[in-house]
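Remarks on the structure that follows.
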Amino acid sequence: MARIQHRDIHVEQVSPDETTGAAKYRAGLFIDKVFPLKMSSFDIRPYIMSRNIDTMRQKVLALLPEGLPNSFAVDMVEPHQRDGGSIVYFTITGPTTGQEAQKAAQDLVDTINAHVQATSGSKWYTFEPARVFSVMGTPFNEDIVRLLPSKKVKVEFSGKDLSVEDLFREFRPFGRILDIEQQPSSNKDTPRWANVHFQRLRSATSARNCVHGDTVGDTKLLLSYIQMHHENVILQWLKSHSKFTIPLAAAALIAAIYAVFDPIREFFVENKITRRFDISRLPIIGKLRKDFSLWDMLRRDTSTGERVSMWSARVEQEERLVSMLNEPPENFVVVSGPHGSGKTLLVRNATRNKKYRITIDAAKLSSVHTEIEQMALLAKQLGYWPIFSAIISITNMIDLMVAATTGSKAGISATPESQTRKVLDCLALVLTKIRQTIYCRPRTFPIIILENVKDKDLMVDGASMVESGLAHVIATTHSIGGYRDIQRAQPQRAVSLLSLDDASPMNALLMLQKQLDAVSSEKLEAAVGILGGRLEDLEVFVQKVKAGESVDGSLEDIIQRSITEIRKYAFSGDAEVGQYEHTWSPEQFWYLLTELARDGSVSYDRIRNSTLFVDKDNALLGLEEAQLISMQYENDRPSRIKPGRPIFQAAFQRILDDPGFASSMSVKMNKKFIELETAKIRKAQEELSLMNVFSASVDSHKALMSGLAMISAMGGGGGRSSSWSGRDRTKHGDEVTITQEAEMFFADALRVSNSNSPVIRQLQLQAEAAESEKESASGRSRSWLGWVFGRPSQPKQDPKREPHARTAPPPQSPPTIIPGIPCELQGRVQFLLKTIRDSQDKISVWQAENAVQAKILSGL
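Residue 447 in the UniProt record's numbering sits at position 447 of the sequence shown; the count goes up by one each step and never skips.
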């Protein structure tokens with residue numbers, strides 16, 4: 001290959017030599033590989049090398065040989081740290097013309113280059129010797145941070161464009177060229193340009209420092225770096241297959257987080273349970289905290305009633321709970337009771353000497369606004385740390401971005417429920433480790449306390465831990481609504497229920513006497529009789545009396561507030577009132593209110609099987625959840641129903657004594673009863689119609705349906721219009737009974753038929769006999785409809801006869817048989833007809849009651 005010729009070095013004439021007066025010329029050379037290249041804005045190698053400028057210049061001058069001709073003298077050393085080299089400006093004397101000066105300067109550069117390549121060895125930042133190039137233009141030394149060296153150089157033309165051949169001859173001496181890209185002819189941007197892509201970075205830096213400002217013909221060349229974005233093949237493949245790479249990257253990240261953080265979390269949760277680093281376990285610290293606790297000092301006087309109630313009436317329940325905790329975990333323990341009944345104190349005393357326990361305050365969990373905050377609070381209570389709440393939003397955003405770009409979700413999104421599950425799984429894992437590594441005697445099993453629990457899922461998770469034998473779980477709640485959910489979640493094991501009641505009247509009176517010693521005992525006894533043993537109401541009463549109100553005024557205010565609360569929550573038609581779900585109807589609660597106002601407590605089974613509550617456990621459970629009623633349990637099942645608070649007994653009576661409200665609610669309740677009985681009648685009629693039992697004896701199906709309509713109208717009284725075809729009740733006279741009218745209707749229905757069957761004839765004879773025959777005083781109706789409806793004419797008793805006189809038993813009547821009905825259907829048909837009669841009788845009574853209540857409302 002022919003030697004590549006260098007272009008002429010740039011030489012300019014300066015002032016002549018002062019001593020000899022000879023012409024002096026100035027030129028420059030670029031020494032490469034003096035410094036490391038700056039590869040990025042974070043590369044600190046050039047900064048380390050350029051800390052001492054004078055030392056750097058001395059190193060550059062040390063590369064030059066001695067004894068150079070033409071009075072060679074160094075004029076200035078200009079370091080270019082970013083480009084990894086330095087420009088040395090020198091002067092020569094002797095040549096008389098510019099061409100001779102250019103030739104002499106180029107010879108000096110070649111001599112210096114040979115010397116440098118022979119003497120300079122490899123450096124710690126490069127393994128190749130330095131090179132020396134002639135500076136053909138006017139270098140531009142700048143320190144713009146973002147203009148980093150690049151293999152691709154942009155050449156701008158100030159003048160006409162250069163051809164590829166000219167560009168190659170200009171730039172090939174600096175190193176091999178990968179490509180030369182000229183500006184397209186269609187591009188009219190100015191200035192015109194071309195891109196030269198070198199194979200090596202050092203070639204590009206040398207070309208920029210030597211050629212910038214050079215003039216080729218009439219064209220001036222201006223050089224600048226083009227930042228290149230290197231695309232890795234592997235990274236490019238990963239980006240183009242995001243459906244696979246993003247889930248794999250997420251899985252790798254999750255695996256790394258699991259490997260790093262999960263053992264830390266388990267460590268902190270275990271410490272929370274075992275309390276190995278809790279200094280309060282030291283005897284001296286515990287004694288000091290107990291003696292100097294400000295909270296205990298403040299509550300010594302205010303909690304007397306609670307402690308009296310606790311130690312006098314809760315001892316039996318506490319002993320039962322302690323005995324359960326001294327055995328292996330078999331049952332989920334639920335401690336229920338109203339507010340202030342001592343649930344927390346009972347559990348605290350029972351677990352006081354237990355080594356491993358952890359408490360979850362479910363009331364705080366339900367008070368937060370978002371699920372993420374709830375998850376973070378649960379983790380804090382369990383000692384689960386570290387926790388990254390923001391990772392839920394990040395993963396959801398990533399999943400959304402993947403779905404927007406690829407059309408399908410990556411499946412890496414996290415939800416608060418999944419994070420909560422991870423926290424509870426970590427707790428279960430720690431309990432399993434404690435169970436395996438520590439020999440757990442029955443007395444040392446871990447205990448999980450769920451205070452004020454309302455979350456059904458939390459109780460179910462606790463039940464699963466009991467079923468696995470990991471720990472005792474104790475849940476305190478003011479409502480027993482989740483009791484059956486726990487039974488369904490843990491069908492293999494029983495659920496132990498500890499039900500606490502209000503304080504006894506004696507303990508409540510002792511509390512009031514201690515707080516209100518200036519009030520007479522008679523008034524306090526009367527107040528206890530109304531307020532009962534509910535600690536909340538007693539404390540409100542004490543505050544009002546201490547504020548200056550009278551005893552009667554305080555009681556009246558509490559009762560009125562209770563009435564307002566009952567009307568707000570119980571009789572609202574909204575699907576949800578406050579924080580309670582409305583699972584009952586106003587009519588159901590009114591029926592229960594009347595029963596409780598009269599008796600104080602009612603049997604759960606009687607209310608459960610009543611007309612309004614039949615097969616509707618959710619209504620009673622909802623009322624208990626809303627604290628409108630309370631249930632007493634015997635043998636872990638509901639036994640009695642009482643008002644939700646003792647003060648509600650007086651409030652129920654006040655509501656019942658309100659004539660306007662009581663009358664309107666009674667009308668609504670009776671309408672509800674009528675609606676239920678009407679549905680029962682309709683169902684019986686439909687069954688009779690489907691049975692088609694009269695087809696063998698009555699040819700006209702229309703007559704049968706009319707008869708059913710008449711039976712439905714029998715129980716409505718004289719005020720309702722009947723559907724009897726063409727028959728006017730008034731023409732029979734008032735002395736004609738409903739049963740006789742029914743018999744006469746069926747007689748008419750049988751007469752209009754054209755059948756000559758013996759069965760039809762027999763029914764006709766019986767119907768005619770029912771119209772003409774008068775029943776004797778001691779006999780019973782011989783018509784089959786009279787037997788079915790049970791309306792025999794009873795013999796009148798002699799008023800002079802002794803009521804206690806013994807009489808002979810009446811003769812046994814033959815079994816009621818409806819002619820024409822198959823024997824296998826006789827019982828069912830008679831039952832349905834009797835059901836219709838009974839329901840219509842009830843409807844008549846309720847309609848009469850509604851009429852009375854309507855008169856009361858109209859008179860208000």
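Each residue gets a CB set at the ideal place from its N, CA and C atoms; glycine is no exception.
Given a length threshold of 3 residues, each whole run of the beta strand (DSSP E) inside the stretch 365-452 is given here in chain order: 447-451. Only buried fits residue 507, as 16 or more other CB atoms lie within 10 angstroms of its CB.
As a beta-bridge residue in DSSP terms, residue 181 pairs with 195. For residue 155, no alpha helix (DSSP H) segment is defined; the enclosing uninterrupted segment is the beta strand (DSSP E) at 152-158. In this structure, DSSP gives residue 842 a helical state, which the three-state scheme calls helix.
In summary, residue 209 is buried, with 16 or more beta-carbon neighbours lying within 10 Å of its beta-carbon over all protein chains present. In terms of Cβ geometry, residue 563 and residue 645 do not form a close pair [threshold 7 Å]. Pairing residue 28 with residue 87 gives a Cβ-Cβ distance under 7 Å.
Segment contact: the stretch 31-42 against the stretch 125-145, three or more CB-CB distances shorter than 8 Å; contact assigned.
If you ignore the 5 residues before and after residue 839, its C-beta comes within less than 6 Å of the C-beta of 677, 680, 681, all in its own chain and listed in chain order. Judged by DSSP secondary structure, residue 677 falls within the alpha helix (DSSP H) whose first and last residues are 659-691. The shortest CA-to-CA distance from residue 276 to any of 355, 393, 212 is the one to 355.
For residue 221, the enclosing beta strand (DSSP E) covers residues 219-226. The stretch 357-373 and the stretch 439-457 touch, with no fewer than 3 CB-CB distances between them shorter than 8 Å. Residue pairing for residue 631: DSSP places it in a beta bridge opposite 641. CA-to-CA, the gap between residue 414 and residue 394 works out to about 9 Å.
Cβ contact annotation for residue 474 (same chain, cutoff 6 Å, sequence separation greater than five): 333, 347, 449, in chain order.
Annotation for residue 76: the continuous beta strand (DSSP E) segment containing it runs 73-80. Runs of the beta strand (DSSP E) spanning 3 or more residues and lying entirely within the stretch 84-130 occur at 85-93, in chain order. In the three-state reduction of the DSSP assignment, residue 603 falls in the strand class. When the five nearest sequence neighbours on each side are left out, the beta carbons in the same chain lying within less than 7 Å of the beta carbon of residue 419 are those of 375, 392, in order along the chain.
In terms of CA proximity to residue 417, 378 leads the group 68, 378, 270. Here residue 273 is buried, its C-beta having at least 16 other C-beta atoms within 10 Å. Here residue 76 is exposed: its Cβ has fewer than 16 other Cβ atoms, across all protein chains shown, within 10 Å. Restricting attention to beta strand (DSSP E) runs no shorter than 3 residues, the stretch 485-532 encloses them at 495-499, ordered along the chain.
Residue environment analysis places residue 397 among the exposed positions, since fewer than 16 neighbouring C-beta atoms fall within 10 angstroms of its C-beta. Per DSSP, the continuous beta strand (DSSP E) segment holding residue 31 begins and ends at 24-31.
Per DSSP, reduced to three states, the secondary structure at residue 264 is helical. The C-alpha of residue 848 is placed about 11 Å away from the C-alpha of residue 841.
Distance check between residue 486 and each of 39, 459, 196, 832 places 459 closest, using alpha-carbon atoms only.
Judged by DSSP secondary structure, residue 320 falls outside any beta strand (DSSP E) and instead within the alpha helix (DSSP H) spanning 315-325.
Non-local beta-carbon contacts of residue 53 in its own chain, meaning distances under 8 Å to residues more than five positions away in sequence, involve 79 in chain order.
Residue 583 sits buried, since 16 or more C-beta atoms from the chains shown fall within 10 Å of its C-beta. By the 16-neighbour rule on beta-carbons within 10 angstroms, residue 320 is exposed. A distance below 7 Å separates the beta carbons of residue 223 and residue 153.
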